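Following the working numbering, the numbering of the sequence shown begins with -1 at its first residue and continues without gaps.
Don't be surprised by glycine CBs; every beta carbon is placed ideally from N, CA and C.
All values derive from a computational prediction rather than experimental measurement.
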Amino acid sequence: MKPFTSSPIICGDFRQPRQMLADQTYEGHVSLHDDKMAEDLGFSGAPIEGPTHFSQFVPLLYYVFGKEWFESGCISSHYQNMVVEGEEVRAFVGDVDGNGCRIWAEKRDGTPVLTGTASIGPNHPPSELDQRIQKLRPVEQLVILSDLTVGMVIKEDDPVTIDFDQHMGDMYPFTLNDKLKVITEPSPWYNKEDGNASPWGRPIIPLEMISVLINSTARKHALPVKGPTVGLFADQEIKLIKGPLFVNHPYRIERELVALSESRRVESTWIRTSLYDGEELAAQCMLNSAMLKESYAPYAQEAAALGKAI
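Okay, here's the thing in structure tokens:
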């Protein structure tokens, strides 16, 4: 690990992350990343997708952990406040202890964007999401998620890939090249032209695009969730086990529902996605996907039928 030169807290510059999901659709409707949909649901604007912010941590964590960050790094985040295009965000790393540290991001006015942990393996300390899952309370009488049972598993037959000019579907209406034109922290290791000079001899997938790789096929192989609904990412973790992940390389996906939760406004699935390179586990990701109750039209009626207070 490289020592800090002065302060025990390091930070990057303010960046203006770009909104890439304005044209996202699923279940036949636009998503929360559409301005009008966001406004109808009481939000100030269409949010930038949460993992977009992960890119701002990459140079900081590379400084702290070195090349191992790209091979066995884990970033684990609780999203606190949405960011809309035009707002500025800064990433922070601090409280480094052995192979782990705290991370957080703020807007220019100090509004928190996310908080979490980062670490390198193979023996990771408890992550932000490990700790949050342990604190979840049992849930009863879910409405949108009433047909789900913890332990459900989906194994996808077709491998997933990301290539530079590959359109990633209705969920992600852009290509890797589109992202690389606006990514907040560019690197030659991501590029088609220069990626072969990376330490691994080929271009690697940017951290935030691992989320795209994983979730681009999620609706095609979805759990039986009632809908249509509008959802958002509330908590997210990406853990590299045998990394990095490579552009134009096939990975096999398995998903497991590890927890269900509920708050006043949402019902949530906690899904662990495992990516396999052949038979080897290459990465694991955890996502708390929160479905907004008010976006499911018959929610009040079905809740009343269950005798559930709303």
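- Boundaries for PRO197: no alpha helix (DSSP H) harbours it, and the DSSP string shows neither H nor E there.
- Between ILE251 and ALA281, the C-beta gap is not smaller than 8 Å, which leaves the two residues out of contact.
- Taken through DSSP and simplified to helix, strand or coil, MET80 comes out as coil.
- The beta carbon of LYS153 sits closer than 7 Å to the beta carbons of GLU252 from its chain, once the five residues preceding and following it are set aside; these are given in chain order.
- Rounded to whole angstroms, the gap between the alpha carbons of GLU66 and LYS105 is 29 Å.
- A residue is called buried when at least 16 other Cβ atoms come within 10 angstroms of its Cβ; VAL148 does not meet this threshold and is exposed.
- For the beta strand (DSSP E) assignment, the uninterrupted runs of no fewer than 3 residues enclosed by the stretch 100 to 165 are, from N- to C-terminal side, 110 to 118 and 151 to 153.
- Pairing MET289 with THR227 gives a Cβ-Cβ distance under 8 Å.
- The stretch 72 to 92 and the stretch 101 to 118 touch, with no fewer than 3 CB-CB distances between them shorter than 8 Å.
- Assignment of ASP95 by DSSP, reduced to helix, strand and coil, places it in the strand class.
- The DSSP-derived three-state label of MET169 is coil.
- From the listed residues GLY10, HIS247 and SER259, the smallest Cα separation to ASP156 is found for HIS247.
- In the structure shown, THR267 adopts extended strand secondary structure according to DSSP, grouped into three states.
- For a cut-off of 8 Å, the C-beta gap from ILE269 to SER287 is around 7 Å, short enough to register as a contact.
- Boundaries of the beta strand (DSSP E) around GLU260: 250 to 260.
- Straight-line spacing of the CA atoms in VAL137 and GLU191 works out to 50 Å.
- Assigned with DSSP and collapsed to three states, VAL180 falls in helix.
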